[in-house]
Structure formats: C-alpha cells, structure tokens
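Asker:
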Amino acid sequence: MCSGYFTLPFYLFFVLFIPAFFCIRKFKLLTDLLLLIFIFITGFQISSHNIPEYVQDSAYLINSRCEEILPRHHYILSAGQQKFYLNNHNTDTLYHPGDSLIFCARIIPFNTHVNPGEFSYAHYLKQKKVFCQVIPLTPVIQKGHSHDISSFFFRLREKFIHKTTLFIQDSTCRMLINALCLGYKTELDYELRNLFITTGTVHLLSVSGLHTGALYLFFLFILKHIGLTHRKTEILLLPLLWSYACLTGLAPSVVRASTILSFIAIGKIFCRTYTPLNSLAASAFFTLLIQPSALYSISFLLSYSAYTGILVFYPFLFRLPGTLPSGISKIYACCCITIAAQIPTLPLCAFYFHTVNINGFLANLIAVPLATLLLYCSACCLIFPLFISQYFSPLCELLCQILIKFLQYFAPYSINIQNLYPSPLSIVLIYGLLCVTGCYLYFRKCYWLYSGIVICTLLLFYLSFLNFQLASKNEIVIFHHPEQSVILLNHNGFCLYLQNTLNSPITSLPYIHQHKLKTIPPGTGIADSKLFYYSNQLIYVKDTISILTQKYSTYYPCNILIISNNVLPEDVFRPSGMQTPIPPRIILDSSNNTYSLEKWKLFCQQYQIILQNTTENGFIRLSLK
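This is the structure we're talking about:
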C-alpha cells in the first residue's frame, strides 16, 4: 500500500530533484521550487483514496470497530482500511468507541448531488475518509470491546459527564459545562445554541485553542506554585495538554492548539527562542503531514486564520492609539485580540456560512472572561473529589446564569449580515489584500502599499463584473428534493417558480440569495423580446420548453420536455402512429416515482431520446442563451 502511494513522487524526486540539486544548488529559488513540487505531488498521492466498488443490491458481512460518535447517535465504523457511516435511527442501542460490531448490510455510496448553496453532508464525511453508508440487514451484534487509548479516554469522559449530573442541578448549566470543558454537545438544545450563534460567541461551545490555551495557563499556574522548576513544569505540561486533547476526542482544533503549545514548550525546555509565526507554520506543516485532508477542513482554515490574524494584526492595532492607562490598556488589548482574530476569518465565514457578525467582538469582551472563569471552576469540579466539587458547583451555576443573561441582553443588538455568497475568486482577492496589508504593516515598504492598491482595483472591477453577470443571467434550475417538484426560472435578476410543490422555499432559497434575485408573484407570465412564458410553456430564442404536470397535461411540440408529478409516456404520446413530434430531450424531476422513471427510461431507449432525471443527476441547469 505504501509503495502505491510513494512510487510516483519518489521516482520524480530521485529522477528530477536530486540531479537538479547537484547541478543548480547555487540557485536556491529553483531548488525550493522543485522541493515544493515534490511535496505537492507527495501530498496529492497520500490524500488520494482507493475506494472499492460495491454492488448495492448485494449483502456484505461487516466486521467493524466503532471509531467515532457523530451527532444524533450516528457512527463511523472502520473495517480494515475502509470506513463506513452507520445511521442508528432504527434502534435505541448506543455504541461506544472501541466496540466490535458484526452484522450483514448493504453498502451504498453517498449521493454527492446537492442543490446550489446547500450543505453537503457527504462532503463533510469525505473529509473523515468516509465514502459509503451501511444499511443493516440483520441486527447489529456487539461481540466485544477493544481496550485501547481512545476507548480509555472515551470512558473517562463519560465518567466526567456523569459526575456533572451529580454536582450540577441546572440542566442548562450542565449542558454548557459539558460542551465547554469536554466538547460534549449532543444535549445542547436549539435555543441555547442559537443564542451563541446570534451573538457571535458560538466558538465558546466548541473546544478550541481558546479553551486549550486557558487550561495551559491554568496548569502552568498550579505547577509553578507547587515549587516545580521552569524546566520540569514545561515537561509535565506536555502530557497534560495531550491528555486533555484525547479527553475531548482529539478534536481538530484542540490538536492544533496542543501542537502549537507543544512546540513552544519544547523550545522552552531546550532554552531556545522561538518565533510565533514559525511555531504556527510548523504546527500546520505537521498537521497536514499526518492528515493531508485537513487542508479542506473549515475548522483548520478558521483556526489558522485566527492565529495568523492575532500574530500579524494585533501588534499594529495595539500600538495605534499610543500610550493608554493601565486598566484601559488591558481592556483595549482584549478588544485588539478579538478584532485581529476576526479580520481574517470574516471572508471564510461569509463563504462557508453565508453570514458574518460585525459586533461579535463586543460580546466576546464579556463572554470570553466569563467562559474562562467557568472553565476553571468546572475543571476544579471535575478534577477534585465530589465532596470538594460541591463547593464549586454554586459558583459554576452562577457564572452560567450570568453568561446566558448577558448574551440574552446583547442578542437584540447583534449586527448579523446574512445571505452572503461571495465567489471563490473574490475570496482569493480579499485574502491577497489582507496578505499585502499584513506585509506592509510588518515591513513598512511602499511596494506592498502599491500592491494593495492594485488588488483593491482588481477586486472592485471583478465585483462590478460579477454583479453585471448575475443581473443578466437567464436559466432554468430544476432542483432535487425527494418526492417534490421545484423548478425555478432565473431571468435578468428576477425569479419565478414554474413549479413548486413545497410549502417553503428552503430548497431554492440559497440559490435565490446567491444570485440576488427578486421574486415575481406566482401565476405571472413573462413577455420579453427574447423570452415568453405563460401557463406551462416557455419559448425563447434558442429552444422551446414545456412542463407537463397532472394539472397542465397538454403537450405542445418543444425541444425540451420536463415531466413532473408522475405523468406517464402514454398520457403524452398516443401509440397510434406517434403523430405528435417527440422532443429530443426529456427531463424528469424528483416528484416522479420509480414506476414513472422506469416507464420513461424504456420510452427514451425505444426512441433514442436523451433522458435526465434529478434523482440520479442532482439539480439540472438549462441555460437560456
């Protein structure tokens, strides 16, 4: 297996890089370029996956191990080199990491087709190297449990969660402590989660670098005050850091923070000076070396963007007002840290989550210290025996109530910009602008300033072109929604539902926001110089499109025929001589059942007609140009 991964990159390395190194070693730029090419090819080979093909109608004996618990008690199983997704909605039986499970099942690859702007759960699982789902055909039998390090820390976390139920009576406080300290968010209710999202403090609910850094300082304070030397303190901090990372289930953000702090601690152990940016780069390099797919993880991008923003922009922001009084200086420093962390993450939030919080840093000024105090008190409750923990529990509940009350008070004043759909090129240009701005602040060279002006100009021109392109777009989008029909017309910045059986526009709403469309009332026709639409027929310069439903079953000769609501071929085309012209292309939306699909497949095969359906192909675009 390893030979398959490394044959090509290492062949190129020995054939190209080593001779070139001896020939042009004086030209450092060229050798660095070749080294980067080698690393890129190697990473590409390592991150590639050889996925076996499974027969969907066949049964397979799955002898697996439970690796990870997903929200709503879904599981990731490992069987040899393959990983599978198990949906546990048909049973109340709960499994734990390390459980050995055996059952017969069908193996079904994930459907990667999603509508424009929708979240792809299959893509999320792909980052975890999970490409198939198993559907059990027999009861899942637990035949044993492997006692390894991951299962040990999972059981330890379960004991801590059970301990919180003993000394914390308030359910809301208990949910918040479990999420804050242990990364256990299964019991979090929707209202509490939405409160943190609205106020821009949702990062507090996910164990991250903030929590890891706070515990690092907490353990550092304790170890220093029990009389340990500086060197011994740093040595003991390393296993404590990684024990906490294992306790949280090796959450990626905690692993990244632990890696950065480990580099800093190792440097202090060997009395070496360190550069924060170098430690950050080394952490990212080793993370990607172990897990190349982390490069496509949203949490990876957000974490390192925030770290880089703090290191680059914080010194400039802190020096901006000049000398301040001591008390005001500390408050201003906290503001600068939150703003510096927020600057490089806003484009990513706009791209992935389609919303940004502008004044979330104000809420973080109060919420972060409260959450840190709550974290320290909760850690004392979890570490110390129960009779000591009872003395900390009232303080924990008080801090929880203060934190929630503050967020509830701040929520009406939160400024959230929603429905943002920036293009990838605009994100690249924005980050290019941030990079040259950071370089200018660091080096104070004029050419960085000129580069920033050029990028700003390019960004403005591109955004103007993009808005013009969106305003002049003409297309029909046939969305994929199981057992429903959603057909949308995008015409010069306006949209009209040609067919919609959904009560809410949840399927098409991301597309409408992405293209900044204005909705035309249903039942409205369109009369344009290039396009005419009324009833179930659309005529434009190039082709004619007809939509057949149970309501509008009259067929007009057309180039593209869209079938909806189980209209059958014999309902449209009479067998007697087929006098009605047959369209060269037929499209079936998701409202058609299996019987209707099979009927149309046979019809299209008989008359050699192009057939598409959203069930197999996902959403379909028809350009009207």
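Under this note's numbering, the first residue of the sequence shown is numbered 659, with each subsequent residue one higher. All C-beta atoms, glycine included, are put in the ideal place defined by N, C-alpha and C.
1. Tell whether a beta-carbon distance below 8 Å holds between T796 and A780.
2. State yes or no: is the C-beta of R764 within less than 8 Å of the C-beta of I793?
3. Going by the beta-carbon positions, is the gap between L853 and T830 smaller than 8 Å?
4. Is A717 helix, strand or coil by DSSP?
5. Exposed or buried, which one is P1215 when buried takes at least 16 other CB atoms within 10 Å?
6. Provide the residue span of the alpha helix (DSSP H) that contains K787, from first to last.
7. If you follow the beta strand (DSSP E) that E1133 is part of, which residue opens it and which one closes it?
8. Please report the distance separating the alpha-carbon of Q1266 from that of I1205.
9. Return the CA-CA distance between F958 and L1196, expressed in angstroms with no decimal places.
10. Alpha carbon to alpha carbon, how far is K821 from Y663? Give it in angstroms, no decimals.
11. So the alpha helix (DSSP H) G1110 belongs to, where does it begin and stop?
12. Would you decide whether G980 is buried or exposed? Buried here means 16 or more other CB atoms lie within 10 Å of its CB.
13. Give the DSSP-derived three-state secondary structure of A939 in the structure shown.
14. Please list, in chain order, all residues of the same chain as A1008 whose beta carbon is under 7 Å from its beta carbon, the five residues on each side excluded.
15. Beta-carbon within less than 7 Å of R889's beta-carbon, same chain only, minus the 5 sequence neighbours each way: which residues are those?
16. Alpha helix (DSSP H) containing P897: first to last residue?
17. Are at least three pairs of beta-carbons, each pair with one atom in the region 1060–1070 and one in the region 856–869, less than 8 Å apart?
18. May I ask you to report which of helix, strand or coil DSSP gives I1046?
19. Only counting runs of 4 or more residues, tell me where the alpha helix (DSSP H) segments fall wholly within the region 954–986, in order along the chain.
20. Please name the residue in G1018, G1090, Y1049 whose C-alpha comes closest to that of L1069.
21. State the beta-bridge partners of T1177 as determined by DSSP.
22. Buried or exposed: R1102, going by 16 or more other Cβ atoms within 10 Å of its Cβ?
23. Provide the residue span of the beta strand (DSSP E) that contains C1262, from first to last.
24. Taking only runs of the alpha helix (DSSP H) that begin and end inside the region 988–1053, which ones reach a length of at least 4 residues, in chain order?
25. Mapping DSSP to helix, strand and coil, what is C724?
26. Taking DSSP's pairing of strands, which residues face N1271 in a bridge?
27. To which residues of the same chain is I995 closer than 8 Å at the C-beta, ignoring the five residues directly before and after it?
28. Thinking C-alpha only, which one of E1133, E1141, I1203 is nearest I1170?
29. Check G802 in the structure and name its three-state DSSP category.
30. Can you name the start and end residues of the alpha helix (DSSP H) that D1229 belongs to?
31. If I'm right that R815 touches G867 with Cβ under 8 Å, what's the distance once you round it to whole angstroms?
32. Starting from N1074, follow its DSSP beta bridges and name the residues at the other end.
33. What's the gap between the Cα of L1087 and the Cα of F976?
34. In or out: E892 buried (at least 16 other Cβ within 10 Å) or exposed?
35. Can you tell me whether DSSP reads P767 as helix, strand or coil?
36. So, for V1230: in the same chain, excluding its five sequence neighbours on each side, which residues have a beta-carbon less than 7 Å away from its beta-carbon?
Answerer: Concretely, from the data shown:
1. Working through the sequence shown from its first residue, we reach residue 796 at position 138. Working through the sequence shown from its first residue, we reach residue 780 at position 122. No. Outside cutoff.
2. Taking the first residue of the sequence shown as 1, we reach residue 764 at position 106. Taking the first residue of the sequence shown as 1, we reach residue 793 at position 135. The answer is yes: Cβ separation under 8 Å.
3. Here the question's residue 853 lines up with position 195 in the sequence shown. Here the question's residue 830 lines up with position 172 in the sequence shown. Their beta carbons are not under 8 Å apart, which means L853 does not touch T830 by this criterion.
4. In the sequence shown, counting from the first residue as 1, residue 717 sits at position 59. Looking at A717 - three-state DSSP - the assignment turns out to be coil, as it is neither helix nor strand.
5. Looking up residue 1215 in the sequence shown gives position 557. That one is exposed.
6. Here residue 787 is taken as the residue at index 129 of the sequence shown, counted from 1. Counting along the chain, K787 falls outside any alpha helix (DSSP H), and DSSP gives it neither H nor E.
7. On the sequence shown, position 475 is the one that residue 1133 refers to. Segment 1132–1136, the beta strand (DSSP E) holding E1133.
8. Translated into positions along the sequence shown, residue 1266 becomes position 608. Translated into positions along the sequence shown, residue 1205 becomes position 547. Answer to the nearest angstrom: the Cα atoms are 20 Å apart.
9. Taking the sequence shown and counting its residues from 1, the one referred to as residue 958 is at position 300. Taking the sequence shown and counting its residues from 1, the one referred to as residue 1196 is at position 538. Rounded to the nearest angstrom, the two C-alpha atoms are 47 Å apart.
10. What you label residue 663 is simply residue 5 of the sequence shown in a count that begins at 1. What you label residue 821 is simply residue 163 of the sequence shown in a count that begins at 1. Because Y663 carries a pLDDT of 41, less than 50, the predicted location of this residue cannot be relied on, and no value is offered for it.
11. By one-based count along the sequence shown, residue 1110 stands at place 452. It spans 1104–1129 - the alpha helix (DSSP H) in which G1110 sits, taken as one unbroken run.
12. Looking up residue 980 in the sequence shown gives position 322. Classification for G980: exposed.
13. Residue 939 sits at position 281 when you count from the first residue of the sequence shown. Looking at A939 - three-state DSSP - the assignment turns out to be helix.
14. The residue labelled residue 1008 in the question sits at position 350 within the sequence shown. V1014, L1078, P1080, listed in sequence order.
15. Position 231 of the sequence shown, counting from 1, holds the residue named residue 889. Counting only Cβ-Cβ distances below 7 Å, and skipping sequence neighbours, we find I927.
16. The sequence position of residue 897 within the sequence shown is 239, counting from 1. Per DSSP, P897 belongs to the alpha helix (DSSP H) from 888–905.
17. yes
18. Along the sequence shown, one-based indexing puts residue 1046 at 388. Looking at I1046 - three-state DSSP - the assignment turns out to be helix.
19. 956–977
20. Here residue 1069 refers to the residue found at position 411 when the sequence shown is read from its first residue. Rather than Leu, the amino acid found at residue 1069 in this sequence is Ala. Considering only alpha carbons, the answer is G1018.
21. If you number the sequence shown from 1, residue 1177 lands on position 519. Answer is C1153, bridged to T1177.
22. Taking the sequence shown and counting its residues from 1, one reaches residue 1102 at position 444. With fewer than 16 Cβ atoms within 10 Å of its Cβ, R1102 is classed as exposed.
23. For the purposes of this step, residue 1262 is taken as the residue at position 604 of the sequence shown. Unbroken run through C1262 is the alpha helix (DSSP H), 1252–1265; no beta strand (DSSP E).
24. 1004–1010, 1018–1041
25. Here residue 724 is taken as the residue at index 66 of the sequence shown, counted from 1. In the structure shown, C724 sits in a strand (DSSP, three-state: E or B).
26. Working through the sequence shown from its first residue, we reach residue 1271 at position 613. According to DSSP, N1271 bridges with L1246.
27. For this step, residue 995 is matched to residue 337 along the sequence shown. Only I968, Y972 meet the Cβ criterion.
28. Here residue 1170 is taken as the residue at index 512 of the sequence shown, counted from 1. Among E1133, E1141, I1203, the Cα nearest to that of I1170 belongs to E1133.
29. For the purposes of this step, residue 802 is taken as residue 144 along the sequence shown, with counting starting at 1. If DSSP states are grouped into helix, strand and coil, G802 belongs with the strands.
30. Taking the sequence shown and counting its residues from 1, one reaches residue 1229 at position 571. Run containing D1229: 1227–1230, per the alpha helix (DSSP H) assignment.
31. Numbered from 1 along the sequence shown, position 157 holds the residue referred to as residue 815. Numbered from 1 along the sequence shown, position 209 holds the residue referred to as residue 867. Rounded, the Cβ-Cβ distance is 20 Å, inconsistent with contact.
32. Here residue 1074 is taken as the residue at index 416 of the sequence shown, counted from 1. Answer by DSSP bridge pairing, in chain order: N1015.
33. The sequence position of residue 1087 within the sequence shown is 429, counting from 1. The sequence position of residue 976 within the sequence shown is 318, counting from 1. Looking at the two C-alpha atoms, the distance is approximately 26 Å.
34. Position 234 of the sequence shown, counting from 1, holds the residue named residue 892. Buried.
35. Position 109 of the sequence shown, counted from the first residue, corresponds to residue 767. Note: P767 maps to strand in three-state DSSP.
36. In the sequence shown, counting from the first residue as 1, residue 1230 sits at position 572. Excluding sequence neighbours, V1230 sits near L1206, Y1213.
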